[in-house]
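Trainee: The numbering used here applies: residue 7 is where the sequence shown begins, and numbers increase by one.
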Amino acid sequence: MKTRLDISLADNLTPLQLIAFDACTRCNECLNWCPVLDVTGDESLTTPEKIRIYGDLIRSRHGLLSSVAGPPSVENGLLEKLKDALYTCTTCGRCGEVCEVGINTQQLWPAMREKLVELGVGPMGAQDQTGPLTAEHHNPYGRLHAERFAWLPPEIEVAERAEIGFYVGCSGAYVAQPMVIGAVRAFASVGAPFTLFDDEWCCGFPLFIIGDNEQVAEIVRHNVEGFVARGVKKLLVSCPCCTFMLRERWPEFYGAELPFEIVHTTQFIAEMIAAGKFKLTKSIPDRLTYHDPCYLSRGVRVIDEPRAVIAQIPNVDFVEMADCRELSKCCGAGGGLRRCNPGLSVDMARRLMADAEAVGADTLVIDCPACFERMHLALGGMVTDLKIVDLMELVSELF
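1) To which residues of the same chain is Pro-41 closer than 6 angstroms at the C-beta, ignoring the five residues directly before and after it?
2) Between the segment 277-290 and the segment 244-254, can you find at least three pairs of beta-carbon atoms closer than 8 angstroms?
3) Return the CA-CA distance between Gly-197 and Ile-162, expressed in angstroms with no decimal places.
4) Would you kindly work out how many angstroms separate the C-alpha atoms of Asn-18 and Trp-115, rounded to a whole number?
5) Considering Cα atoms alone, identify which of Ile-319, Thr-295 and Phe-211 is closest to Lys-285.
6) What number of angstroms, rounded off, separates the C-alpha of Ala-29 from the C-alpha of Lys-8?
7) Which residues in the same chain as Leu-294 place their Cβ atom closer than 6 angstroms to its Cβ, once the five residues preceding and following it in sequence are excluded?
8) When DSSP labels each residue in this structure, what does His-144 get in the three-state scheme?
9) Within its chain, find whatever has a CB closer than 8 angstroms to the CB of Gly-232; leave out the 5 residues flanking it on each side and keep chain order.
10) Measure the CB-CB distance between Phe-155 and Leu-242 and report whether it falls below 8 angstroms.
11) Who does Phe-405 pair with in a DSSP beta bridge?
12) Distance check for Ser-195 and Asp-218, CA to CA, integer angstroms please.
13) Under 8 angstroms, do Phe-139 and Pro-129 count as touching if we go by C-beta distance?
14) Secondary structure at Arg-345, three-state DSSP: helix, strand or coil?
15) Less than 8 angstroms between the CB atoms is what I'm expecting for Ala-93 and Gln-133, so what's the real figure, rounded?
16) Looking only at DSSP bridge pairs, what is Glu-81 linked to?
Below you can see the structure in the form of structure tokens.
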């Protein structure tokens, strides 16, 4: 069976992204850093293969022969091979970080996935539930929208209007509540009034990352208008994927510059510490290490701020893992992988946790609700004393 390539494969790519398909030298340095290859050993899933296959398709679809004879047809098996490679991936961006020619893979993969969705080939497996669940419940988990703020501690005062807003995100609201509880308690300790949008919707990242953008513009406009109506000038965000989506992609779908600044919660707390408005007074006996989330480190380059916050813990015993900062490993939760290949994503989480144990850490500090969910799930099949704690959760216990 064949599929006719009757759509453009390049109209959503930037000139720099188009160059990538010829720029890749097949040096294979990225293979040394791919967390999926590390677990599976399958080189057909790696960056050079994705770029090779898609580059060949672009040249076939947009070459001279196609302009004369019309769009070509390709074997479905080739498209399935490309789908497996593109979606068996967390879009962690580690390969792009080490790329000798600077290919930004973290931004390239979603654009390629979008075209597979247009062709009716993508997404993969249970990822196809993301769109319907988000349309019905405004979150990809299918949880009740009315329960989005059920986690909010009753003692926390939320202003009707304020210049500081807090975008909670779906994972924080439904699967990593200690993270957002810790965040609002830290905000309250600072004494700065903040507001919430009580009809907050998913940020659109789970749809964007699998290439399904049909709902995203509506989602973005709804959320932007909701926070603007509450007078927000600075929007705090706890989830790295949400932070990336709001900062890097919302302006594109909104059609204009956002009317407020996007700041990750850890950046905000680091600013408050530097300004003398927030202080950690309690110590912790554990040896700590920190995991840099993919979209916080490589996505929006928030790397030093979490360490600055941890450094304020009195007498802290902190050690870095071997792979950290811009080259941190992926926990396996990203890119929609946990939905289409949950076993692989858990295996990736366990390898990361083993790295924390290897440096003698008692507690692995994380800064991402997806990491929080995946690592707590992975703990269920491990014999370990390692503890997993979110940075805001930890901070809220130490001031």
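Cβ atoms here follow ideal geometry from the backbone N, Cα and C, with glycine treated the same way. Quick caveat, the model's predicted, so the values are computed rather than measured.
Mentor: So, from the listed chains and residues:
1) Working through the sequence shown from its first residue, we reach residue 41 at position 35. Around Pro-41: Lys-335, Cys-336 and Met-354.
2) No, the segment 244-254 does not touch the segment 277-290.
3) Here residue 197 is taken as the residue at index 191 of the sequence shown, counted from 1. Here residue 162 is taken as the residue at index 156 of the sequence shown, counted from 1. Approximately 11 angstroms between the Cα atoms of the pair.
4) Working through the sequence shown from its first residue, we reach residue 18 at position 12. Working through the sequence shown from its first residue, we reach residue 115 at position 109. Their backbone Cα atoms lie some 12 angstroms apart in a straight line.
5) The residue you call residue 285 lines up with position 279 of the sequence shown. Lys-285 has its Cα closest to that of Ile-319, out of Ile-319, Thr-295 and Phe-211.
6) Mapped onto the sequence shown, residue 29 falls at position 23. Mapped onto the sequence shown, residue 8 falls at position 2. Going from the Cα of Ala-29 to the Cα of Lys-8 covers about 29 angstroms.
7) Residue 294 sits at position 288 when you count from the first residue of the sequence shown. The residues are Phe-324, Thr-369 and Val-371.
8) By 1-based counting over the sequence shown, the position of residue 144 is 138. The answer is coil: DSSP assigns His-144 none of H, G, I, E or B.
9) Counted from its first residue, the sequence shown places residue 232 at position 226. Excluding positions up to five away in sequence, the list reads Phe-203, Asp-205 and Glu-206.
10) For the purposes of this step, residue 155 is taken as the residue at position 149 of the sequence shown. For the purposes of this step, residue 242 is taken as the residue at position 236 of the sequence shown. Contact flag unset, no.
11) For this step, residue 405 is matched to residue 399 along the sequence shown. According to DSSP, Phe-405 bridges with nothing at all.
12) Position 212 of the sequence shown, counted from the start, is the residue given in the question as residue 218. Position 189 of the sequence shown, counted from the start, is the residue given in the question as residue 195. Between Asp-218 and Ser-195, the C-alpha separation is close to 40 angstroms.
13) Position 133 of the sequence shown, counted from the first residue, corresponds to residue 139. Position 123 of the sequence shown, counted from the first residue, corresponds to residue 129. Correcting the residue type first, residue 139 is Leu in the shown sequence and not Phe. Taking 8 angstroms as the cut-off, the Cβ atoms of Leu-139 and Pro-129 do not count as close.
14) Counting from one through the sequence shown, the residue named residue 345 turns up at place 339. Here DSSP, grouped into helix, strand and coil, assigns Arg-345 to helix.
15) In the sequence shown, counting from the first residue as 1, residue 93 sits at position 87. In the sequence shown, counting from the first residue as 1, residue 133 sits at position 127. Looking at the sequence provided, one finds Tyr at residue 93 rather than Ala. Right, the Cβ-Cβ distance comes to about 7 angstroms (below 8 angstroms), so this counts as a contact.
16) Here residue 81 corresponds to residue number 75 of the sequence shown, with the count starting at 1. Lys-8, per the DSSP bridge assignment.
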